[in-house]
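Written below as structure tokens is the structure these notes are about.
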Amino acid sequence: MRTRAVAMALVTVLAAAACGSSKGTTASPAGSAGSNPCAKGNLTLVTPGQLTIGTDNPAFDPYFQGPTGHEWKGQFNHDPYNDQGFEDATAYAVAEQLGFQKSDVNWVAVPFNNSYKPGPKNFDFYLAQVSYSPQRAQGADLSDSYYDVQQAVVALQGTPIANVTTLAGLKSYRFGTQIGTTSYDVIKSVIQPTQSTQVYDTLNAALQALKNKQIDGLVVDFPTAYYMANVQLSNGTVVGILPSADSGSKEHFSMVLQKGSPLTQCVNGALSALRADGTLAQIQDRWLNQAAHAPNLQ
Amino acid sequence: MTAAIAIEGVHKSFGSVEVLQGVDVEVQERNAVCLIGASGSGKSTLLRCVNLLEPVDSGRILVHGDEITARNVDANRVRRRIGIVFQAFNLFPHMSVLENVTLGPRKALKAPKREATDRATELLTRFGLADKRDEYPDRLSGGQQQRVAIVRALAMEPDIMLLDEVTSALDPELVGEVLGVIRDLAQSGMTMLIATHEMGFAREIADRVCFLDQGRILEQGPPERIFTDPVEVRTQEFLRRIIEAGRM
Amino acid sequence: MATAVISTVVVFTAIGLAVVNSPGWPSVREAFLNGEIFRASFPDIARAFVLNIKIFLVAEAVILVFALAIAVLRSLPGPVFFPIRAIAIIYTDVFRGVPTILVVTMLALGVPGLQLTGIPVSAVFWAAVGLILVYSAYVAEVYRAGIESVHPSQEAAARSLGLSRLQTLRYVIVPQAVRRVIPPLLNDFIGLQKDTALVAFAGPVEALRQAGIDEAANFNFTPYVCTAVLFLALTIPLTRTTDWLIARDRRRRAASGVA
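Right, dumping it as structure tokens:
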């Protein structure tokens, strides 16, 4: 399929050259091939004319929301065609930047671990909370960040800390997290609590301590926090999202593309534009801060 | 008159070995009775039975007419009235002489500390040990330790004293001082049952001598008769061995 | 004496030279003996060490008493006391058999999970309880060995004075028993001091955990050297003092005709 697309693209280019765009003639803006490699017509696509986006099945909230549908069936699953949810909305925003209508977008289900393995892909790009890592970047192209992972506070519903809305309001509580993580640095430098911080070997132990009320709040990256509050705990809540610490590595989510794909720079360009005009921030606010009930704590 | 100690038909076995095979002995008030016999003849066992340190298999022991081997007898109470001194002294090494002597009166008799200390000092002085009051047993000679052991037993103000070969572990030159103490006690009228190898001493202070052989009192009588004119053959043999060993 | 000094100097100098001249020494020194990181980490680790000391002091006091009770229960004679002896035996078997870290973490993370009213939730509390349960099992056996090593004639002498069984234990047997087992008791307590670090698995940050946090932050092992120094500062005075106490008490055992 890809070979056909490439052949067709070549033919189009040759035909355009044969038609002779002489010096001095400005390239026509719409439709036909120009020197912009990211113009919709110049894109190398799995299925020409369509944008094929991949994600995992099941597709979890808050990244994908709304009813089940297509292959995304069963409990906790959400149909990506809904255009609801943080990653869903981001994907459609990128698609729009690349010049595609909603109706031109097709979704395919691909297991998480296969998405970044070396080899041909059946998607144009893939997103499913894939964190950037140099190892993954060896086998596939990873885009720029579409989400910088922040730390969040998990607590039990009905406890006093659950009502806190400001960063200063957290100070008097007791926090816990896993050893050697960015979370620990955030507690120390951003929250600066008055009670001593509890440190655990595993997140599971920290979660148990939260259930035991031995700690008031558990600090962990937002995706894990959301999972803990809504899946692992029957009475959990995300108190809020914390500002980043100065130190520590910034984990971020990247979209996955085939290694060496010409589409990568186009996706990066789209993300850059969405970031600049505030769309990414809006999507984050709508689908993480509001829909996921995880306000920013300042 | 009721005997101070009456031992009636006492049997005692350890495992398959029957050490006491029906012992009958009486000790009258203010008398000193000496038990003689070969090693292993059961002298120590008999004394330990009187003190209820060993239970008897059958038979009875009566003290002042009360059967102490009966069920439901408060053994601790009985032991408070009977003093016993052992061959190996058995002083408490982690306590000073004074503490050794006052432990019983203070804890078993619930005497106040001042009173117990006064009584102890009095006894120690009487037996020439006053200057050793605050020493620990490891600093004393064998003779001194044994005298302290006797004082420890006397501090309980017992009616009866049992002495189990108390000089056998002593160097010969120290034996005399301990025998002196025992002589003193006998003369002051203490009721005593004494197991001993010291035949000369037994002859001197005993009101009666009992020869224990193969778990029974084979022969008993006044010391002059037993030592000079024993009736039983085994008694004669025993005494002859003693004389040959130069112990008489 | 002079020979001892000379031979000591020679041996340690030789070892020191061998280490310092080994090919990997510079990088090992940097990773384990970095002076700057040592100075920077020490205050936090010393502060965290206070938790180790608190736990150790409280636990030790309780263990000394609780273990003695178990040892005494275990030695009660006669068929009527068999159930009590059995419980004591089962207790010592179980708590010596299960790894200490399991006992500590299961208690510290498990019991508060029951959310029973009136029961403390603190991880430090339950970790200390765990340490007490485990170490009392070991110390009870040490006491038992000590008690059994006191010659039965001592008990006979005490009983013959009219002292009850309990009084005999308290004034005559146990004081002697304890003096005899001070070296193994000390061994167990040094173990306890170091096992206070296990409380970290239930959340509280003590000296070893604090070193781990610093290690993760600096990618350097020197903080662990800080922790080691602090533990030694606690242990060595203890061992030296105890040796002195043993020597002073040893001669008293020899007397009084005990076989």
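Chains as they are written, first to last, in our numbering: chain H, 3 to 300; chain L, 62 to 309; chain P, 11 to 269. For glycine and all other residues, C-beta sits at the position ideal for the given N, C-alpha and C. Remember, predicted model here, so these are calculated numbers, not experimental data.
| query | result |
| --- | --- |
| Alpha-carbon spacing of A181/L relative to V212/L, whole angstroms | 8 Å |
| CB-CB length for A95/H against I217/H, believed under 8 Å | So it is not a contact: roughly 38 Å between Cβ atoms. |
| Beta-bridge partners of M253/L, as assigned by DSSP | A93/L and M222/L |
| Selection from A147/P, P162/P, R154/P and T178/P that minimises the alpha carbon distance to E70/P | A147/P |
| Contacts that L119/P makes with chain H (C-beta to C-beta distance below 7 Å) | A207, Q210, A211 and N214 |
| Proximity to L282/H [Cα-Cα], best of A93/H, P50/H and T49/H | A93/H |
| Beta-carbon gap between A247/L and E226/L smaller than 8 Å | no |
| Cβ of I181/H within 8 Å of any chain P Cβ | yes |
| Helix, strand or coil at V90/P according to DSSP, with G and I counted as helix | helix |
| Reference A275/H; option with closest CA among T239/H, S37/H and E98/H | E98/H |
| Bridge partner(s) assigned by DSSP for I122/L | I68/L |
| Counted within 10 angstroms of its Cβ, other Cβ atoms place S191/H as buried (16 or more) or exposed | exposed |
| Chain P within 8 Å of Y186/H, Cβ atoms only | yes |
| Identity of the residue in P194/P, G34/P and V90/P nearest Y145/P by Cα | P194/P |
| Proximity of T296/L and N92/L at Cβ, strictly below 8 Å | no |
| Any alpha helix (DSSP H) of 4 or more consecutive residues that is wholly inside the region 123–202 of chain L | 136–142, 158–164 and 174–187 |
| Beta-carbon gap between V270/L and I97/L smaller than 8 Å | yes |
| DSSP-derived helix/strand/coil call for K252/H | coil |
| Beta-ladder partner(s) of L220/H, from DSSP | V156/H and G178/H |
| Chain-ordered neighbours of L114/L on chain A, where CB pairs are closer than 9 Å | Absence of chain A from the displayed structure is noted, the protein chains being H, L and P. |
| Status (buried if at least 16 other CB within 10 Å, exposed otherwise) for F272/L | buried |
| Run of the alpha helix (DSSP H) containing W136/P, from where it starts to where it stops | A133 to S159 |
| 4 or more residues per run - each alpha helix (DSSP H) lying fully within the region 56–91 of chain P | none |
| Spatial distance of A149/L from V158/L (CA atoms) | 16 Å |
| Within-8 Å CB hit, R190/P to chain L | no |
| Top-ranked residue by Cα proximity to N59/H, from V110/H, L47/H, P39/H and Q210/H | V110/H |
| Contact with chain L by V268/P, beta-carbon distance below 8 Å | At V268/P the pLDDT is 46, less than 50, meaning the model places this residue with poor confidence; the figure from the coordinates comes in the next sentence. Chain L contact via Cβ: present. |
| Closer than 8 Å to chain H by CB, F211/P | yes |
| Listed by chain order, chain L residues near L208/P by CB distance under 9 Å | Residues of chain L passing the Cβ test: none, with the nearest at roughly 36 Å. |
| C-beta contact flag for S147/H and S263/H at 8 Å | no |
| M116/P (DSSP reduced to helix, strand or coil) | helix |
| Simplified DSSP assignment, three categories, for S74/L | strand |
| Proximal residues, the region 215–231 of chain P versus chain H, C-beta separation under 7 Å | V215, R219, G222, I223 and A226 |
| Contacts around F105/P, its chain only, beta-carbon distance under 6 Å, and the 5 residues preceding and following it disregarded | L143, V144 and A147 |
| C271/L: first and last residue of the uninterrupted alpha helix (DSSP H) it sits in | Not the alpha helix (DSSP H): C271/L falls in the beta strand (DSSP E), residues R269 to D274. |
| Assumed close pair G87/H, Q103/H - CB separation to whole angstroms, cut-off 8 Å | Not a contact, Cβ separation roughly 19 Å. |
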